Amino acid sequence: MTGKSYDAIVIGGGHMGLTLAAYLQRAGLQVAIFERRFEEGGPVFTSECTAPGFLHNLHAQYMEFMEWMPFYYDFELEKLGVRLLYPEAQSGICFSDGRPPVILYNTQNLELSRKSISTYSKHDADTYVEIRRKAMENEGAFCQYMYNPPPQPTPQDPDPDNTMGLLFMDTLNLPRHYAKGSARTLIDSLFETPELRALLYRMSVEWGTPLEMVGMGGVALMSLFFLSVNWRLCVGGTHSLAHAMVMACVREGVHFFENSEVKKILVKGGRAVGVRLADGTEVEARRLVASNADLKQTLLDMVGEENLSPLWAKRARDFRVGPSCVLASTAMALHEAPIYKSARHDETINRTFYTVVGYDEPAEVLEYCRDAEGGRIPRIPGAGIWVNSLWDPTYAPPGKHSLTGWFFFPKASTQSRQKWEEVRATYNERFLARFGRWAPNMTRANVIADYFYTPLDQQDEMRLMEGDFCNGAIRPDQMGANRPFPEASMYRTEIEGLYLCGPYMHPGGGVSCGPGYCAYKVIAADHGLPYKPWETVSRGY
């Protein structure tokens with residue numbers, strides 16, 4: 050080795066890598082993080098991509114895990130500058146003909162959700178509130194699922210993932226067969242109102258849950274009733290969370306190396322012994338290497354097929370990425386916030402945190418999804434948007450507003466680079482043309498500057514392969530004990546001392562820090578590390 054030596058090396062400074070590094074350092078190991086970019090945090094970042102003073106969270110936007118996240122409490126991120134807001138009106142949909150909106154409120158205001166849905170259906174209102182209430186009562190079970198390694202198959206329970214899905218159905222008093230169906234089937238079976246169905250369809254897509262894939266009913270249930278309407282906003286941008294996580298690592302003593310791309314994981318005698326950087330520098334890992342980088346990049350490129358068994362090489366090659374978790378982002382600097390036609394019935398829609406625009410009925414959401422999953426640029430430019438400056442004035446200059454939105458889009462590889470440049474140049478115009486039918490003030494004259502962030506941009510900049518925020522499709526054969534594949538589901542690899550901690554591991558993407566935390570639990574057991582907060586804190590995980 051020609052470089053320095055550390056007990057543990059973490060490849061990639063995304064939030065999963067930061068999580069693992071902080072726990073390892075606190076446990077007494079000397080840890081180094083090697084990050085390809087000049088900035089840590091991965092998709093947790095904020096940009097002034099439109100105009101000076103306008104902040105946009107181009108990828109990670111709402112913080113749905115913050116009240117449960119072990120890292121947040123174990124490392125006291127609030128003391129390091131993280132400030133969170135919890136908007137009352139969390140999610141809503143409005144309509145081009147100005148009919149009443151449907152608005153879902155935060156967990157402290159469920160009766161307001163009941164009132165809004167009741168505009169269309171008392172049955173749907175009562176059903177939604179009852180399921181959400183039961184979910185709130187059972188958050189502990191959900192957290193146990195999220196923040197522990199996935200249950201492994203046994204002779205007594207050969208399919209633990211199915212068992213978990215059935216358990217959640219039982220917990221919420223829902224028919225078990227819903228777990229075997231699709232997200233669309235679950236939503237249509239529970240709710241009769243097209244307006245509510247359209248909103249829930251779109252919310253399901255935001256979580257990477259394919260609407261029509263069989264076997265995703267349990268995932269849709271967790272997405273819609275445990276994670277949704279639990280969304281926090283980071284004051285000053287989500288980069289404040291990334292910076293706090295970095296400072297937590299620095300406070301513990303983690304060493305950071307930015308602009309330091311790892312090209313090779315060094316393997317000797319079947320064991321990971323270090324890394325080689327792009328400039329040729331070799332750094333020793335005395336005890337372990339952990340990778341937050343993409344699965345295929347880690348195993349096929351960094352480790353190399355020559356160091357893998359034929360089975361592991363095949364498993365890595367076969368791992369599917371997208372299309373279910375692929376997003377594009379729009380960003381607009383505005384003179385004034387959108388004013389919706391539907392606000393004549395309920396002005397709250399003008400101050401709803403996440404607002405679905407561009408769809409009048411569920412069939413339009415389905416068409417939009419089928420386009421994206423089929424590799425086509427969606428013909429219906431509908432979006433889920435946020436105007437964060439309505440709650441936090443630091444997101445825009447005085448009197449102005451900052452809008453950011455997500456589109457469900459096809460994988461990066463489905464279009465040429467030239468085609469993506471064309472999309473970047475034209476899709477915001479298509480969106481505005483449609484947006485104006487829902488909010489008449491959303492004209493080009495209201496837009497100071499705008500930006501469009503494609504799936505290819507996300508792959509190039511953040512290494513979200515194909516633009517997939519989970520770096521691996523959410524589907525029945527790639528979840529739980531099958532994520533990323535059965536032999537690797539416990540965060541270990543067949544290379545001794547090499548671990549995986551990226552979003553392609555259980556429990557998946559989103560700013561949960563779950564893969565990093567679960568990987569630490571496995572490493573702590575393997576290496577006899579003394580720091581085990583789950584044994585001493587009241588949260589139980």
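Counting from 50, one number per residue, gives the positions in the sequence shown under the working numbering. Each residue gets a CB set at the ideal place from its N, CA and C atoms; glycine is no exception. All values derive from a computational prediction rather than experimental measurement.
Have a look at residue i and residue j and give me their C-alpha separation to the nearest angstrom.
i, j, result
"P150", "G141", "7 Å"
"T168", "S561", "34 Å"
"Q527", "G558", "13 Å"
"M50", "R335", "Note on M50: pLDDT 47, under 50, position unreliable in the model; no value is reported."
"A488", "G431", "13 Å"
"G90", "H172", "43 Å"
"I388", "D420", "29 Å"
"W440", "K390", "21 Å"
"I398", "D506", "31 Å"
"Q139", "L276", "12 Å"
"R364", "K164", "49 Å"
"A190", "V496", "45 Å"
"D208", "M554", "18 Å"
"E261", "L133", "34 Å"
"S145", "E125", "45 Å"
"T475", "A461", "17 Å"
"L69", "D350", "22 Å"
"P459", "N520", "14 Å"
"M195", "F274", "15 Å"
"K183", "T258", "21 Å"
"N155", "V278", "5 Å"
"Y403", "C298", "32 Å"
"D328", "V338", "19 Å"
"H450", "T330", "46 Å"
"A57", "A76", "11 Å"
"K591", "Q79", "Residue numbering for the chain in the displayed model covers 50 to 590; residue 591 lies beyond these limits and cannot be assessed."
With the cut-off set at 7 Å, would you say residue i and residue j are in Cβ contact?
i, j, result
"P199", "G529", "yes"
"G565", "M112", "no"
"Y590", "Q201", "no"
"G285", "G214", "no"
"G264", "P525", "yes"
"A568", "Y540", "yes"
"R320", "G546", "yes"
"R26", "G433", "Absent from the structure is residue 26, since the part of the chain shown begins at 50 and ends at 590."
"N531", "T287", "no"
Please classify residue i: is it buried, with 16 or more other beta-carbons within 10 angstroms of its beta-carbon, or exposed?
i, result
"L360", "exposed"
"F518", "buried"
"T347", "buried"
"D175", "exposed"
"Q467", "exposed"
"E255", "buried"
"A445", "buried"
"D206", "exposed"
"I222", "Ile is not the amino acid found at residue 222; the sequence shown has Asn there. Answer is exposed; the Cβ neighbour count stays below 16."
"R493", "exposed"
"S465", "exposed"
"G19", "Residue numbering for the chain in the displayed model covers 50 to 590; residue 19 lies beyond these limits and cannot be assessed."
"K317", "exposed"
"K570", "buried"
"Q157", "exposed"
"P579", "exposed"
"F94", "buried"
"G323", "buried"
Is residue i helix, strand or coil when you go by DSSP?
i, result
"R541", "strand"
"F144", "coil"
"L276", "helix"
"M50", "Below a pLDDT of 50, predicted positions are generally treated as unreliable, and M50, at 47, falls in that range; the measurement from the model is reported next regardless. Correct three-state label for M50: coil."
"F484", "helix"
"Q110", "coil"
"Y169", "coil"
"M381", "strand"
"Q507", "helix"
"Y196", "coil"
"Q464", "coil"
"Q139", "strand"
"C283", "strand"
"E261", "coil"
"I434", "strand"
"I429", "coil"
Shorter than 7 Å from the beta carbon of residue i to some beta carbon of chain B?
i, result
"E186", "Included in the structure is just one protein chain, with no chain B present."
Legend entry - Cβ contact (3+ pairs, closer than 8 Å) linking the region 369-380 and the region 403-414: Segments in contact, no.
Inset, instruction - Could you tell me whether the region 66-83 touches the region 294-314, where touching means 3 or more Cβ pairs closer than 8 Å? - result: Verdict: yes, contact present.
Inset, instruction - Give a yes or no on contact between the region 286-296 and the region 237-248, applying the rule of three or more CB pairs nearer than 8 Å. - result: Segment contact: the region 286-296 against the region 237-248, fewer than three CB-CB distances shorter than 8 Å; contact not assigned.
Legend entry - Segment contact, 8 Å Cβ cut-off, at least three pairs: the region 493-513 with the region 97-115: Verdict: yes, contact present.
Legend entry - Touching by the beta-carbon criterion (3+ pairs, under 8 Å), the region 51-65 and the region 330-345: Flag = yes, the region 51-65 and the region 330-345 touch.
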